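Note sheet for the following structure.
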Amino acid sequence: MKKLALLLACVALLLAPVAARAQGQSIGTTPLLDLVAAAKGKVVVLNFFASFCPPCRMEIPGLMKLRSQFSPDEVEIIGISVDNTLTDMDEFARNYDFNYPVYYGGEELAYAFRVSAIPHNVVYDRRGRMAYNRAGYLAEEELGTLLRDLLKCDS
């Protein structure tokens, strides 16, 4: 079991930089949960967003700034588009130079994670336990404080 977790972690680390550059990949519930599990030891932020959502667009620059402030060994940020189509997300992604992986999840992931409003952020601590799960705009400062607190608690 530990070997499998280590293998998944290595694969996720190898694929994350590619995914951050190559937007337009779709992801299902199981692969996303595998990414979260493979990131055990890191704080993980799942940001559910859509191109048509003004508060979502407001959150993205803050997420990119936080991605730059925290070591990839400590914090993993993953964007999940719940746009109507992959094409909608691709068109939107062209306007941003995301420095974290962004996937298309659509309704399947929104339903699986009980996302009823966007933006919606789910944060897991280093042990893989859900520490934050809320809809609504999350300011960069508030998320930064949460991340620092989780890193202190779990170190």
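Residue numbers (mature numbering (1 follows the signal peptide of the UniProt record, and there is no 0)): -22 to -1, 1 to 133. For each residue, glycine too, the CB sits at the ideal point set by N, CA and C. Remember, it's a predicted structure, so these values are computed and weren't measured experimentally.
By the CB criterion at 9 Å, residue 64 and residue 7 fall outside the cutoff. Shown here, residue 72 sits in coil according to DSSP, grouped into three states, outside any helix or strand.
Under the 10 Å beta carbon count, residue 67 is surrounded by 16 or more other beta carbons and is classified as buried. Within the same chain, 104 come within 7 Å of residue 19 by CB-CB distance, once the 5 residues on both sides are set aside. In terms of Cβ geometry, residue 13 and residue 56 form a close pair [threshold 9 Å]. In its chain, beyond the 5 residues on either side, 61, 66, 70 have a beta carbon closer than 6 Å to the beta carbon of residue 29.
Residue state for residue 84 is assigned as helix, using DSSP reduced to three classes. Within the same chain, 101, 110 come within 7 Å of residue 124 by CB-CB distance, once the 5 residues on both sides are set aside.
Bridge partners of residue 59 according to DSSP: 27, 82. Cβ neighbours of residue 77 within its own chain (closer than 7 Å, five residues either side excluded): -3, 42, 45, 46. Shown here, residue 93 sits in coil according to DSSP, grouped into three states, outside any helix or strand. The closest CA to that of residue 73, considering only 117, 38, 21, is found on 38. An exposed status is given to residue 114, since fewer than 16 other beta-carbon atoms sit within 10 Å of its beta-carbon.
For residue 107, the closest C-alpha among the options 117, 90, 96, 128 is that of 128.
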